[in-house]
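So the protein sequences, as listed, match chains A and B. Mind the numbering: the first sequence is residues 1 to 506 in this note's numbering, read in order. Mind the numbering: the second sequence is residues 1001 to 1085 in this note's numbering, read in order. See below for the structure under consideration.
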Amino acid sequence: MTVTESLAQHVVDSLVAELAPVLGDEHVLTSKTARWNRARVPAPFPVHRWSERVPDLVVLPASTEEVAHVVRVANKYSVAIVPRDGGTGLTDGAVPERRGIVVDVKRMNQIHEIDLENGTCTVGVGINMLKLNEVLGKHGFIYPDDPASYPCSLIGGRIGTSGWSLVGSRYGHSRDLVLSFDMVLPTGETITVGDGGGQKLTKSSSGYQLKHLFMGHQGTLGIATRATLKLFPKPEAEFSPFWAFADYETAYRAVGALPRAGVATFAGAVLFDEWKVDYLRRDDEAYIPQPSSVKALVCAVAYGNEDEVRAGGRRLMRIARDLGARYLGDEISEGDWAARHDRYATPLHGRTRNGQVAPMSWHCEDAAINYTRLPAVRVAWHGILDRLRRDYDVFDDWGMFAYTSGNTGLDYLTEIDVGIWEQELDDRAWAAWVDAKREIAAVSLAHGGSISACHGSCREGEVDLVPEELGGAYEVMLKIKRALDPNNVMNPGKYGLDRAYRTEDS
Amino acid sequence: MAYRYDEQSTPPAAEQVTDVAITRFEHVFEVDPRLMAEHVTQQTFPNWDTLRIVRSRTDHLAWMHAHWCTTVVSGEELLAELDAE
Ligand SMILES: Cc1cc2nc3c(=O)[nH]c(=O)nc-3n(C[C@H](O)[C@H](O)[C@H](O)COP(=O)(O)OP(=O)(O)OC[C@H]3O[C@@H](n4cnc5c(N)ncnc54)[C@H](O)[C@@H]3O)c2cc1C
Chain A
1 MTVTESLAQH VVDSLVAELA PVLGDEHVLT SKTARWNRAR VPAPFPVHRW SERVPDLVVL
61 PASTEEVAHV VRVANKYSVA IVPRDGGTGL TDGAVPERRG IVVDVKRMNQ IHEIDLENGT
121 CTVGVGINML KLNEVLGKHG FIYPDDPASY PCSLIGGRIG TSGWSLVGSR YGHSRDLVLS
181 FDMVLPTGET ITVGDGGGQK LTKSSSGYQL KHLFMGHQGT LGIATRATLK LFPKPEAEFS
241 PFWAFADYET AYRAVGALPR AGVATFAGAV LFDEWKVDYL RRDDEAYIPQ PSSVKALVCA
301 VAYGNEDEVR AGGRRLMRIA RDLGARYLGD EISEGDWAAR HDRYATPLHG RTRNGQVAPM
361 SWHCEDAAIN YTRLPAVRVA WHGILDRLRR DYDVFDDWGM FAYTSGNTGL DYLTEIDVGI
421 WEQELDDRAW AAWVDAKREI AAVSLAHGGS ISACHGSCRE GEVDLVPEEL GGAYEVMLKI
481 KRALDPNNVM NPGKYGLDRA YRTEDS
Chain B
1001 MAYRYDEQST PPAAEQVTDV AITRFEHVFE VDPRLMAEHV TQQTFPNWDT LRIVRSRTDH
1061 LAWMHAHWCT TVVSGEELLA ELDAE
């Protein structure tokens, strides 16, 4: 990883002098706390290297015009700009790897419009889904983008990552739910992208479909400021059964059969493997008392009108029962599901090889994997973690899950959760971790999957394999990046996009 | 930090639940203290605070259900219906 020097003080002073009159003195921050607190995200990192990615200043704009001003100033001084919203992203997208200006968009958190007739709302990108739904609920609506970071990730970050939702098999993911948004391009112009020119359309065939391009780019193609979202009726009922299985293979069949049942209220199904069950047995009150015959778990979720959820729920229960599952009961099922909207509540400790508790932060490597490849990916991934743990007693295998991305059982968000003792990460252990990440990504590609279904793939390690994954499409990415961001100011250093600026002799 | 009443900070006797977990209050599990000896040590904790944390978690989960929908369908009920078929 290259380390960028901080800007010279006179450059910082010039930036402040250009920005403060437009944004207000109190919204241009240079204090140590303001900058260090926006230096990283929850993805693990060797703590002793924190200082390498501290921004030079932080701005808190309140409008699209103010964001555009910041972007123009950054171009004038050739200074990096990094958009940051909730700061919960797990691929280092909001980390200012080249320092410069962090654009914290959280002040743009207004609800501009709720269109009850068409079922949309228009919001600033600094708003959080939970807070938005508290207001929408009063009108009988819900915005069902539901990551496991539901209480703390924000709309702009959902756009920047093209996020994945726990109930996406029923309602779609961020890309389906965000209808359109205003976008400040890397050179400071503002455009609106969505389906066609209308801001509230779900389907248009007019022109290039740019919405997808401007979602999931991790802040490398500009800054979204205001978004129009698709709303659904707030569901009357929810159903979230958890079942125990005596072996992985039967649980695997269940997690394939549940989405294929064609239940219209089906919102997701997830399979927890043997390693995950072992992990839960250590620290999770629902699973500590489970008998040792429990080797794998499956959960299904359904939302909608009560009569439909009941009818569909009966069908899901029958599928699981016929496969020999044991229902874990209402208390565990309901409690565990409610807890899934907020995974910050996971225990922040793991175990060393001798079983002692050590402070560890949670990390997950994710991929998009087809149903038929799930068993093989699981074996290969645990093998990688096993070797890593044997060599370095600062990693802990917290198990895997496979979660439906749609309602036909085609592909699954597949994650391996890893506990990492960050304070003990030295440069060698970090390098071994980066190698392991690269290996994990290589397994996903070897099985015809994608390096990420959820978080993005621009961290050290897996990012090296993105050109291999995308092939010729990666070359197009480079051309787009260079065309839209000629000065390479928008979140530079991510996705290996610096390659777009290399000349023959460099 | 010292609490005024020692008995408030004296938890009920532990019962071993598994090789890695104990329980002192009904349905409240704790990591076996023997596993918290090297890198992370346990703190003295008033009993009422343990129970407050457990209850507030239950409150949070109930809040989350109500936030998403009006009714939570019971799997036990559906299973009874299926078994009766
Ligand atoms: C406990 C936990 C559980 C999680 N579960 C899920 C999950 O189930 N599904 C899922 O998808 N993710 C999950 N994540 C990851 C994370 O929450 C998502 O990636 C989320 O979309 C990030 O949102 P944020 O507001 O925190 O964005 P940030 O972390 O601030 O930013 C994320 C990326 O978007 C860019 N960005 C931010 N704002 C803008 C903007 N206005 N315009 C353009 N780009 C912008 C940033 O530069 C960065 O590259 C989880 C994270 C945690 C910690």
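Each residue gets a CB set at the ideal place from its N, CA and C atoms; glycine is no exception.
task: Classify threonine 228/A as helix, strand or coil using the three-state DSSP reduction.
output: strand
task: Check whether the Cβ of threonine 1018/B sits closer than 7 Å to any heavy atom of ligand 1, and report yes or no.
output: no
- prompt: If you check the beta carbons only, do glycine 219/A and glycine 160/A fall under 8 Å apart?
  reply: yes
task: Please decide whether threonine 1018/B counts as near chain A, where near means a Cβ-Cβ distance under 8 Å.
output: yes
query: DSSP state of leucine 523/A, grouped into three classes?
result: Nothing about residue 523/A can be reported from this structure: the residues present for chain A run from 1 to 506 only.
message: Below 7 Å, is the gap between the Cβ of glutamine 218/A and the nearest heavy atom of ligand 1?
response: yes
task: Please go through the same chain and pick out, in chain order, the residues whose beta-carbon is closer than 7 Å to the beta-carbon of arginine 315/A, but skip the five residues on each side of it.
output: Ala261, Val263
Beta-carbon neighbours of leucine 1061/B, restricted to chain A and to distances below 8 Å: Glu334, Gly335, Ala338, Ala339
message: Whole angstroms are fine: how far does the CA of alanine 302/A sit from the CA of tyrosine 252/A?
response: 19 Å
task: Using the Cα positions of isoleucine 114/A and asparagine 133/A, report the straight-line distance between them to the nearest angstrom.
output: 12 Å
First through last residue of the beta strand (DSSP E) which encompasses leucine 113/A: For the sequence presented, residue 113/A should be read as glutamate rather than leucine. Element bounds for glutamate 113/A: 111-115.
- prompt: Does the beta carbon of proline 21/A sit closer than 8 Å to a beta carbon anywhere in chain B?
  reply: no
- request: Return no unless some Cβ of chain B is closer than 8 Å to the Cβ of glycine 399/A.
  value: no
task: With 8 Å as the threshold, decide whether the Cβ of alanine 1080/B is near any Cβ in chain C.
output: Checking the listed chains, one finds no chain C in this structure; the protein chains it contains are A and B.
query: Does proline 44/A get closer than 8 Å to chain B when you measure Cβ to Cβ?
result: no
message: Contact between the region 31-44 of chain A and the region 89-108 of chain A is defined here as three or more beta-carbon pairs at a separation below 8 Å; is this criterion met?
response: yes
query: What are the residues of the region 222-239 of chain A that lie near chain B, defined by any Cβ-Cβ distance shorter than 9 Å?
result: Lys234, Pro235, Glu236, Ala237, Glu238, Phe239
- request: Can you give me the start and stop residues for the alpha helix (DSSP H) that histidine 363/A sits inside?
  value: From DSSP, histidine 363/A is part of no alpha helix (DSSP H) but of the beta strand (DSSP E) over 361-370.
message: Helix, strand or coil, according to DSSP, for serine 162/A in the structure here?
response: coil
message: Going by DSSP, what residue range makes up the alpha helix (DSSP H) through serine 1056/B?
response: 1047-1068
- prompt: How is glutamine 9/A classed by DSSP in three states: helix, strand or coil?
  reply: helix
query: Does the count of Cβ pairs from the region 119-135 of chain A and the region 309-324 of chain A closer than 8 Å reach three?
result: no
field: For histidine 349/A, the first and last residue of its enclosing beta strand (DSSP E)
entry: 349-351
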